[in-house]
Amino acid sequence: GARLYNGWSTRMFRLHDRTRRRICIAGFFGLCVVPTIIVVGWCIAWNLPWHARAEADRLRRQLGLRGSIAKLQHPRPGAVVYEGVELANPETGATVLRCRKIEAGWKKFPDPKKGGNRSLVLIASLPRIEAGQVDQLWLLVERLLGCRLGGIPTDVRLLADEVSLSSEEHAQTLSDVEGSIESLADGLQARLSFRLPGNPTPEPARIRIVRNRQVTPPATGFELFSGDTPMPCSMLAMGLDGFEPLGTRSRFHGYIWANQTSNGWQGEITGRLIDVDLDRLVTDRFPHKLSGTAEVTIHRARFSRGRLDEAAGSVNAGPGTIGRSLLEAAAVRLRLVTDPRPVDPAGVVPYEQLAFSFSIDSHGLELRGHCAADGSGVILAGRDARLLGDPPRQPQPVTALLQMLAPATRQTDWLSRRLPLP
Numbered sequence: 452g453a454r455l456y457n458g459w460s461t462r463m464f465r466l467h468d469r470t471r472r473r474i475c476i477a478g479f480f481g482l483c484v485v486p487t488i489i490v491v492g493w494c495i496a497w498n499l500p501w502h503a504r505a506e507a508d509r510l511r512r513q514l515g516l517r518g519s520i521a522k523l524q525h526p527r528p529g530a531v532v533y534e535g536v537e538l539a540n541p542e543t544g545a546t547v548l549r550c551r552k553i554e555a556g557w558k559k560f561p562d563p564k565k566g567g568n569r570s571l572v573l574i575a576s577l578p579r580i581e582a583g584q585v586d587q588l589w590l591l592v593e594r595l596l597g598c599r600l601g602g603i604p605t606d607v608r609l610l611a612d613e614v615s616l617s618s619e620e621h622a623q624t625l626s627d628v629e630g631s632i633e634s635l636a637d638g639l640q641a642r643l644s645f646r647l648p649g650n651p652t653p654e655p656a657r658i659r660i661v662r663n664r665q666v667t668p669p670a671t672g673f674e675l676f677s678g679d680t681p682m683p684c685s686m687l688a689m690g691l692d693g694f695e696p697l698g699t700r701s702r703f704h705g706y707i708w709a710n711q712t713s714n715g716w717q718g719e720i721t722g723r724l725i726d727v728d729l730d731r732l733v734t735d736r737f738p739h740k741l742s743g744t745a746e747v748t749i750h751r752a753r754f755s756r757g758r759l760d761e762a763a764g765s766v767n768a769g770p771g772t773i774g775r776s777l778l779e780a781a782a783v784r785l786r787l788v789t790d791p792r793p794v795d796p797a798g799v800v801p802y803e804q805l806a807f808s809f810s811i812d813s814h815g816l817e818l819r820g821h822c823a824a825d826g827s828g829v830i831l832a833g834r835d836a837r838l839l840g841d842p843p844r845q846p847q848p849v850t851a852l853l854q855m856l857a858p859a860t861r862q863t864d865w866l867s868r869r870l871p872l873p
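For the sequence shown, counting from 1, position 341 maps to 792 in my numbering; every step adds exactly one.
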């Protein structure tokens, strides 16, 4: 029986030589040639200019920014490399960001709550951000936190060795930049940490933005910590307008937090302002002359509804010059004690030190002089005389400060909407 079965099976599957050749040729074309042609064609198509243009159009629809990509590569499965990336303002066409290369890929990070979290990782090479268009990036982050970017994953991580912030006046470089956007139980959060070059401090600067969905309507909050190195105020002014008039050399070392409410923003500031340009802060904004470099220590400054509620701190500046009009206004409006000797009729008086502590709230303004050369009670000291001293009555009304700085000018309205008036 075994012989009959073997003989039958041999006759059953015996193929002619020509048939075997045809089967081998068909298998060769089906399993080798055709897949090779498909892969080669796929590679050629993905490296043609139209593929980069199509990807740029997709990013434009998702991000809301005009974009262009010079070249697009797929070095390995699940990874994409964008070369020559440029994002621009959709209305004006002004460049927002340029980057030599961005590599995108998926990676799984450990998550103690979920066991694992799959995130999109972006590794940027030499990105350059135009300072005048930073508001477009803030809008992009806001739309992403609000889940208004279709097709963009909620968990994204960004890594860059250096990021350049450039403008017509100055440029700032950030190193060891790490950013992320991730989902939380009650919303989304965006985080950014970086260091300033030349300052390898152990603790980097940190910025955190949170979108809270537990309230109606959903609100945004943020916190900023300068780390161990003071941050340039010119960089902070890209997102916080209040730092702009402090001068190009001014720096901030401290902590800021704020939450968005139905009545506006509320929050708190603590820290130090270093190398504040008094000429730019006072002379360029008010009808008075005051020059010199100051250091301002903010023990606390609380604000809500766009208005300062209370603040306490100290100021130490000098040497510099002060205008005669400001001396007279301080004596008349704030009732500061002045030196009885006549002031230089030229209108500008040199001073050695401007030092005082302050406290301001809805009850008024308190000033205490701390000039070291002349002892306590002296707010402004000249070379051999006291120019301004403590007022005999404390506190002074905040309206007196308004009248001293900006009498009958448009700045009066600007200040009255921001200072803690009764």
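Even for Gly, the Cβ is constructed at its ideal location relative to N, Cα and C. These numbers come from a predicted model, not from an experiment.
Environment of residue i [buried if 16+ CB atoms lie within 10 Å]
{"i": "residue 550", "result": "buried"}
{"i": "residue 671", "result": "buried"}
{"i": "residue 728", "result": "buried"}
{"i": "residue 771", "result": "buried"}
{"i": "residue 799", "result": "exposed"}
{"i": "residue 654", "result": "exposed"}
{"i": "residue 473", "result": "exposed"}
{"i": "residue 750", "result": "exposed"}
{"i": "residue 713", "result": "exposed"}
{"i": "residue 827", "result": "exposed"}
{"i": "residue 481", "result": "exposed"}
{"i": "residue 806", "result": "buried"}
{"i": "residue 621", "result": "exposed"}
{"i": "residue 577", "result": "exposed"}
{"i": "residue 566", "result": "Note that residue 566 has pLDDT 48, beneath the 50 cutoff, so the model's placement of it is unreliable and the number below is only indicative. The residue is exposed, with fewer than 16 neighbouring Cβ atoms inside 10 Å."}
{"i": "residue 595", "result": "buried"}
{"i": "residue 518", "result": "buried"}
{"i": "residue 639", "result": "buried"}
{"i": "residue 641", "result": "buried"}
{"i": "residue 857", "result": "buried"}
{"i": "residue 544", "result": "exposed"}
{"i": "residue 733", "result": "buried"}
{"i": "residue 766", "result": "buried"}
{"i": "residue 693", "result": "exposed"}
{"i": "residue 783", "result": "exposed"}
{"i": "residue 505", "result": "exposed"}
Under 8 Å between C-beta atoms of residue i and residue j
{"i": "residue 724", "j": "residue 788", "result": "no"}
{"i": "residue 836", "j": "residue 804", "result": "no"}
{"i": "residue 394", "j": "residue 689", "result": "Residue numbering for the chain in the displayed model covers 452 to 873; residue 394 lies beyond these limits and cannot be assessed."}
{"i": "residue 538", "j": "residue 532", "result": "no"}
{"i": "residue 818", "j": "residue 790", "result": "no"}
{"i": "residue 869", "j": "residue 758", "result": "yes"}
{"i": "residue 754", "j": "residue 706", "result": "no"}
{"i": "residue 722", "j": "residue 756", "result": "no"}
{"i": "residue 768", "j": "residue 743", "result": "yes"}
Contacting residues, own chain, Cβ-Cβ under 8 Å from residue i (five flanking each side not counted)
{"i": "residue 812", "result": "760, 761, 762, 871"}
{"i": "residue 652", "result": "646, 678, 679, 680"}
{"i": "residue 471", "result": "none"}
Between the CA atoms of residue j and residue i - distance to the nearest angstrom
{"i": "residue 834", "j": "residue 623", "result": "39 Å"}
{"i": "residue 779", "j": "residue 685", "result": "33 Å"}
{"i": "residue 475", "j": "residue 530", "result": "36 Å"}
{"i": "residue 662", "j": "residue 745", "result": "36 Å"}
{"i": "residue 511", "j": "residue 665", "result": "31 Å"}
{"i": "residue 696", "j": "residue 573", "result": "35 Å"}
{"i": "residue 736", "j": "residue 520", "result": "44 Å"}
{"i": "residue 786", "j": "residue 821", "result": "17 Å"}
{"i": "residue 477", "j": "residue 593", "result": "57 Å"}
{"i": "residue 866", "j": "residue 850", "result": "10 Å"}
{"i": "residue 611", "j": "residue 588", "result": "16 Å"}
{"i": "residue 535", "j": "residue 579", "result": "12 Å"}
{"i": "residue 553", "j": "residue 522", "result": "11 Å"}
{"i": "residue 810", "j": "residue 852", "result": "13 Å"}
{"i": "residue 823", "j": "residue 764", "result": "17 Å"}
{"i": "residue 526", "j": "residue 606", "result": "23 Å"}
{"i": "residue 634", "j": "residue 597", "result": "11 Å"}
Contacting residues, own chain, Cβ-Cβ under 6 Å from residue i (five flanking each side not counted)
{"i": "residue 700", "result": "726"}
{"i": "residue 773", "result": "741, 800, 802"}
{"i": "residue 848", "result": "815"}
{"i": "residue 630", "result": "609, 643"}
{"i": "residue 674", "result": "659, 708"}
{"i": "residue 657", "result": "644, 676"}
Beta-carbon contacts of residue i that lie in its chain and below 7 Å, excluding the five residues immediately before and after
{"i": "residue 648", "result": "624, 626"}
{"i": "residue 582", "result": "616, 617, 618, 689"}
{"i": "residue 541", "result": "515, 516, 517"}
For the segment 753-836, list the beta strand (DSSP E) runs that are entirely contained and at least 3 residues long, ordered along the chain.
758-768, 771-774, 799-802, 804-812, 815-820, 829-832
Length at least 3, wholly inside the segment 705-750: the beta strand (DSSP E) runs in chain order
715-728
Extract the residue ranges of the beta strand (DSSP E) inside the segment 594-678, only unbroken runs of 3 or more that lie entirely within it.
607-617, 622-635, 638-646, 656-663, 670-676
Beta strand (DSSP E) segments (min. 3 residues) lying fully within the segment 515-567:
517-524, 530-539, 546-560
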